[in-house]
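The block underneath contains the structure these notes are about, expressed in structure tokens.
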Amino acid sequence: MLSLSVLMRSMVPTEALSMTKMIQVLREEHRNIEELLLVLEQELLVFDRGERPDYEIIRAVISYFQDYPDCCHHPKEDMIFEKLKVRDPVAAESVGDLEVEHHNERTRLQRVADMVRLILTNHDVPGQKFDHIMGDFIEQERRHIKMEERLVFSAAANALQSEDWAEIDARWSEARDSLFNVAMEERCQSLRERILHWQRKEGELENDAFVHK
Ligand SMILES: [Fe+2]
Ligand SMILES: [Fe+2]
């Protein structure tokens, strides 16, 4: 007997599934990225309270952002945007230049990484500068994610044709299957889980210390 999910799949055109699947994956990736932005924000709050943030956690989050988006997230968005430029140039125009946005993300991240390296090599970094550079990175990442979900994904869902989604899906599956990408995605995934685990442990320790005061 056919299971319900198989039956439902057979009733939905495959092209719709492909589009839905791709946008759903990108949204899930955004949620994962946002969890790490929250970790950075918590460390920034520690810094703003005049305490020492956990620089190991900050460095791990930087490392994640240095590898994950370019390996696993941006390529899919760039492929979708390329198709959008062809199918709906006006919508693409209203988004601006996604590649430049991704490039600017890397620049802002590099600024965070350079600043943290200075601190860890005992250089003086004014508090205001730390606050500005870290805060700017977090804020701009969130803005970018919101913009993509509001403009890029909805415009792509309206304008791209079934063959576009099929091509993106095929190109991505091929790229993803390379050994490098598989290893990188696994490494980033496990790094993300470790960061969230450390952060939870730190929160528990802080709560314990507060209770036993
Ligand atoms: Fe993006
Ligand atoms: Fe994105």
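Just so you know, my numbering puts 76 at position 26 of the sequence shown, and the rest follows in order with no gaps.
We put the beta carbon where it would ideally sit given N, CA and C, even for glycine.
Keep in mind that this is a model prediction, so the values were computed, not measured.
Its chain contains no residue whose beta carbon lies nearer than 7 Å to that of ARG102 once the 5 sequence neighbours on both sides are disregarded.
The beta carbon of VAL89 sits closer than 8 Å to those of ILE107, VAL111, ILE245, LEU246 and GLN249, all from its chain and outside the five residues before and after it, given in chain order.
In the three-state scheme derived from DSSP, where H, G and I count as helix and E and B as strand, GLU199 is classed as helix. Here PRO139 is exposed: its Cβ has fewer than 16 other Cβ atoms, across all protein chains shown, within 10 Å. In the structure shown, the three-state DSSP call for ARG137 is helix.
Of the residues assessed, HIS80 falls on the buried side of the cut-off, its CB having 16 or more other CB atoms within 10 angstroms. Relative to ARG137, the option among TRP215, HIS173, LEU241 and GLY253 whose CA is nearest is TRP215.
Relative to ligand 1, HIS124 has its C-beta within less than 7 Å of a heavy atom.
With 16 or more other Cβ atoms inside 10 Å of its own Cβ, GLU93 counts as buried.
Between CYS122 and the set GLU78, ASN172, VAL162 and THR157, the nearest pair of CA atoms involves GLU78. SER240 and ARG109 have their C-alpha atoms roughly 15 Å apart.
Around the C-beta of GLU224, fewer than 16 other C-beta atoms lie within 10 Å, and the residue is accordingly described as exposed.
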